[in-house]
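Taking it in order: structure first as structure tokens, then the write-up.
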Amino acid sequence: MKCLSYSNRFYYNELSEEDANCIKKDLILYNSMLHTAYKKLYLTCFYGVKEAVSLEKQLKAKYGTNDYFPLSAIHEARALLKSNIETNQRLKKECTKRIERIKEKIRKENKTLQNWQKQKEQLIQKSKEHEISEADYLYEVQIVSPNIKQLKHRIGLLTFKLNRETDKLNHLNLSVRAACFGSRKKLHHDLEAYRYERRKRMLITGRRQGKYSNNLFKYHLESGIIVYRGTEKEVHLPIQFYHHADKLERAVRLPHNTAGKAVAYELYDHGEYFIIKAIIEVEPKVIITKKEEGSIGIDINVDHIAVAHIDRQGNLCRQQILPMKLKGKTRNQRKHEIAETASKIIHECVHTQKPLVMEALDFSDKKQKQRYQPKGLNRMLSEFAYSQITEAIERKAAYERIEVIKVDPAYTSLIGKLKYVRDKGMSVHQAASYVIARKGIGYKEKILREYRVFVKEKQTRAEQWAAVAEKVGKASIKECQLTAILALFR
Numbered sequence: 011m012k013c014l015s016y017s018n019r020f021y022y023n024e025l026s027e028e029d030a031n032c033i034k035k036d037l038i039l040y041n042s043m044l045h046t047a048y049k050k051l052y053l054t055c056f057y058g059v060k061e062a063v064s065l066e067k068q069l070k071a072k073y074g075t076n077d078y079f080p081l082s083a084i085h086e087a088r089a090l091l092k093s094n095i096e097t098n099q100r101l102k103k104e105c106t107k108r109i110e111r112i113k114e115k116i117r118k119e120n121k122t123l124q125n126w127q128k129q130k131e132q133l134i135q136k137s138k139e140h141e142i143s144e145a146d147y148l149y150e151v152q153i154v155s156p157n158i159k160q161l162k163h164r165i166g167l168l169t170f171k172l173n174r175e176t177d178k179l180n181h182l183n184l185s186v187r188a189a190c191f192g193s194r195k196k197l198h199h200d201l202e203a204y205r206y207e208r209r210k211r212m213l214i215t216g217r218r219q220g221k222y223s224n225n226l227f228k229y230h231l232e233s234g235i236i237v238y239r240g241t242e243k244e245v246h247l248p249i250q251f252y253h254h255a256d257k258l259e260r261a262v263r264l265p266h267n268t269a270g271k272a273v274a275y276e277l278y279d280h281g282e283y284f285i286i287k288a289i290i291e292v293e294p295k296v297i298i299t300k301k302e303e304g305s306i307g308i309d310i311n312v313d314h315i316a317v318a319h320i321d322r323q324g325n326l327c328r329q330q331i332l333p334m335k336l337k338g339k340t341r342n343q344r345k346h347e348i349a350e351t352a353s354k355i356i357h358e359c360v361h362t363q364k365p366l367v368m369e370a371l372d373f374s375d376k377k378q379k380q381r382y383q384p385k386g387l388n389r390m391l392s393e394f395a396y397s398q399i400t401e402a403i404e405r406k407a408a409y410e411r412i413e414v415i416k417v418d419p420a421y422t423s424l425i426g427k428l429k430y431v432r433d434k435g436m437s438v439h440q441a442a443s444y445v446i447a448r449k450g451i452g453y454k455e456k457i458l459r460e461y462r463v464f465v466k467e468k469q470t471r472a473e474q475w476a477a478v479a480e481k482v483g484k485a486s487i488k489e490c491q492l493t494a495i496l497a498l499f500r
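When we follow the numbering used here, the leftmost residue of the sequence shown carries the number 11, and every step to the right adds one.
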């Protein structure tokens, strides 16, 4: 696990002119190496271009520097290329799914069109035999012909969309799209911003064979000074790290060639000033929670998180609702609200020493299907910051040594609605969090007696709940509270 520690600001006008020019020049030099390294790695990976001399030696000869700048640039370029390849694979997968859905939609529309065309042929045949009535004529003119025209237009639009997605997939299959450092949007609209984006940061990888954990940044703990070894001179900067400063000091004080000693430093330019960010590798802490004490289950929703505490026997101890007002707020406000809610949840886990149980949900596929979903559902999925919430909770849990258990989300809300809403007197979301907490420590939910008429004995538990969901899944809570048979006639 990696953690970050940020330094204080260093304003250029407070430095000497030589020190400021040295840092700005090295930023341009490093990013030029990065762009060159990425281009050569890209050509080697996708076009088979091979050089007789290694990439490190090429960069050293071209820019006339030591080993440390080229090695860091090559390391970052390889990571960026790997990331772009994985992104390309994800885009191909999503594009393939979209093509399959469009083909299925075209197949259904063609089937509907054939039915309407058959009706029109029958009406035409009746007209030829002089057996058509005025009602048949009006039905053909007002209903059949407009529907056929509308379906043909819809099929044409779907075919155009299918061809466009097919072209995208063919383009993705050719090669990974080359990276544009600084973004193409700024390149075409704001050239100065584009040039700034291309040279604003410099990442120097750490090294555990050495006293200071890095080749170009030497952090002197006693004097509180970091020495940057630039291409022209050494720059001495009085520095103070804030969050996770103790972890940084521990890493620097580790013995030579010890795991976790390497510290990477990123120099980030903000125009009038720059900061230095330390990236430390931290071993994950020993988990302090125990399943024998029970668990805490959460059900994440758009505007709140339902929390349920259970004991070792699976009995409900306590339940609560943590509201989250994310709608209409800025990005930083939403981030702060999510962090505060995650801290409350993890604080409960630390206090009770129980593991946290949550659903292993993936909204990527659901968001891909938004075109054919109701407008309200599409808006909800677009505004639902599920990944941000889960990441904040998992990050806080790792820091506090809390175990996070992810369970299958299938039918948790249905089970809660049918079994526990009436019995425990809770909402559907609270009941779902209760089911999730029970799943996390190994409890399985049996089918209620009144719903066994819908299932077969040889079916698995998941298949049985799927059969129940097919019959009464859309019934309201009031209908489910009465009888299963009544829910069928809602």
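Cβ coordinates follow ideal geometry from the N, Cα and C atoms, glycine included.
| query | result |
| --- | --- |
| Contacts around C55, its chain only, beta-carbon distance under 6 Å, and the 5 residues preceding and following it disregarded | none |
| Pairwise C-alpha distance: I112 and C105 | 11 Å |
| Per DSSP, cross-strand counterpart(s) of M212 | L277 |
| Straight-line gap, K210 to K196 (C-alpha atoms, nearest Å) | 14 Å |
| Supposed contact pair V360 and G450 - C-beta distance, whole angstroms, cut 8 Å | Not quite, the Cβ-Cβ distance comes to about 17 Å (not below 8 Å), so this is no contact. |
| Closest Cα partner of D309 within the set A472, A441 and Q99 | A441 |
| M43, buried or exposed, once every other Cβ within 10 Å from all chains shown has been counted against 16 | buried |
| I297, DSSP secondary structure in three states | coil |
| Reduced DSSP category for L168 - H, G, I as helix; E, B as strand; rest coil | helix |
| Through-space distance from K221 to T268, alpha-carbon basis | 11 Å |
| Inter-residue spacing [alpha-carbon to alpha-carbon] between A30 and A47 | 26 Å |
| Entirely enclosed alpha helix (DSSP H) segments - the segment 234-283, minimum 4 residues | 255-263 |
| Cβ-based neighbour list, E303, same chain, cut-off 8 Å, excluding 5 preceding and 5 following | D321, R322, T362, Q363 and K364 |
| Outcome for C190 when other beta-carbon atoms lying within 10 angstroms are tallied against a minimum of 16 | exposed |
| Nearest-angstrom Cβ-Cβ length linking F284 and S15, presumed shorter than 8 Å | At roughly 16 Å, the Cβ-Cβ gap does not stay under 8 Å, so F284 and S15 are not in contact. |
| Exposed unless 16 or more other CB atoms sit within 10 angstroms - verdict on K300 | exposed |
| Straight-line gap, E114 to R432 (C-alpha atoms, nearest Å) | 41 Å |
| 8 Å Cβ cutoff met for I109 and L172 | yes |
| Cβ shell of Q474 (< 7 Å), same chain only, five flanking positions each side left out | I457 and V465 |
| Residues bridged to N224 (per DSSP) | G216 |
| 6 Å Cβ shell around Y382 - same chain, five flanking residues per side excluded | Summary for Y382: the model assigns pLDDT 49, below 50, so the residue's position carries little reliability, and this model does not support an answer. |
| Candidates H163, S233 and G270, of which the one nearest S223 by Cα | G270 |
| Under the three-state DSSP convention, the category D77 falls into | coil |
| Opening and closing residue of the beta strand (DSSP E) in which C13 lies | K12 to Y16 |
| Beta-ladder partner(s) of L332, from DSSP | I315 |
| Burial state of R448 (16 or more Cβ within 10 Å) | buried |
| Through-space distance from I355 to E5, alpha-carbon basis | It is not possible to answer for residue 5, since the shown part of the chain is limited to 11 through 500. |
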